[in-house]
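Everything below concerns the one structure shown next.
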Amino acid sequence: MTQKGAILVLSGPSGAGKSTIINASSSEIGEYYFSISTTTRAPRVGEVNGVDYFFVSKDDFEEDIKAGNFLEYAQVHGNYYGTSLKPVREALGEGKLVIFDIDVQGHRLVRAKMNDITTSAFITPPTLNELEIRLRARCTDDESVIVNRIENAKDEIKAVGEYDFTIINDTVEKAAKQFVIVAKAARLKQSTEDELKFVEQWLSEK
Ligand code: ADP
Ligand code: 5GP
43 MTQKGAILVL
53 SGPSGAGKST
63 IINASSSEIG
73 EYYFSISTTT
83 RAPRVGEVNG
93 VDYFFVSKDD
103 FEEDIKAGNF
113 LEYAQVHGNY
123 YGTSLKPVRE
133 ALGEGKLVIF
143 DIDVQGHRLV
153 RAKMNDITTS
163 AFITPPTLNE
173 LEIRLRARCT
183 DDESVIVNRI
193 ENAKDEIKAV
203 GEYDFTIIND
213 TVEKAAKQFV
223 IVAKAARLKQ
233 STEDELKFVE
243 QWLSEK
């Protein structure tokens, strides 16, 4: 079967280590396209527009919603976050693995639209306490933001059963190894359309 593009959704509480794990594995998972989300939240120190996120105003985000530019979007921690459709379509058309770092609402929306080519993993630190320690150690958010993220995490963890895999980010090394396996499996996922074509061809070539 020809290999077409596939989607790998990563979710998990803010501070779970999603960016750390992707960065630690990037040389081992083959060519991929990381979907850069658009957000109305303010950039953290060190974040670069167009690299970490596209940082936009609420008005601009709402214009994009009206124009139908998002594959999915959601409000998380009081800000908008969304995935632009066009670059994702292009990357899938080029046969790439497209990696999303999106929340549990976004995962549900992607499943509703592109379930057949989607694999998902929920990433979490071993305990809520460890999440809090890591959020504080990251030194990127002030106290009220950290409290809000911890509260949100208590809800997000309840969605863990909706994902194909759970990666417990105990040590980065272990979690990255598991992530590489999940990314390789995600690449093998075929669209229903391609599977049907393959069966048709398989039966016709007797
Ligand atoms: P996310 O992208 O999920 O919001 P980050 O990758 O920014 O999370 O990780 C949050 C913080 O936790 C960062 O400061 C990161 O260096 C740290 N971190 C990530 N994984 C681990 C780990 N296994 N052990 C200790 N600290 C970690
Ligand atoms: P952060 O502000 O820590 O970068 O991200 C906060 C949360 O928003 C994380 O759970 C992250 O996965 C989620 N997120 C980031 N981009 C998107 C997106 O495009 N869509 C959705 N639904 N969630 C996103």
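Residue numbers (our numbering): 43 to 248.
A virtual CB, placed ideally from N, CA and C, is assigned to each residue, including glycine.
Checking the 6 Å criterion, the Cβ of V51 is out of range of every heavy atom belonging to the ligand 5GP. The three-state reading of DSSP puts I210 in strand, counting E and B together.
Within the region 68-124, the alpha helix (DSSP H) runs of at least 4 residues that lie entirely inside it are, in chain order, 100-108. Sorted by position in the chain, S56, G57, A58, G59, K60, S61, T62, R176, R180, N211, V214 make up the residues whose C-beta lies under 5 Å from a heavy atom of the ligand ADP. If you ignore the 5 residues before and after V93, its C-beta comes within less than 8 Å of the C-beta of I78, all in its own chain and listed in chain order.
A check of alpha carbon separations from D212 across D158, I175, T234 identifies I175 as the nearest. About 18 Å separates the beta carbon of Y123 from that of A163, a gap too long to meet the 8 Å contact definition. Taking 6 Å as the cut-off, the C-beta of S126 does not count as close to any heavy atom of the ligand 5GP. Contact between I141 and F76 holds: their C-beta atoms lie close to 5 Å from each other, under 8 Å.
Cβ-Cβ separation between Y74 and L139: approximately 4 Å, consistent with a contact (criterion under 8 Å).
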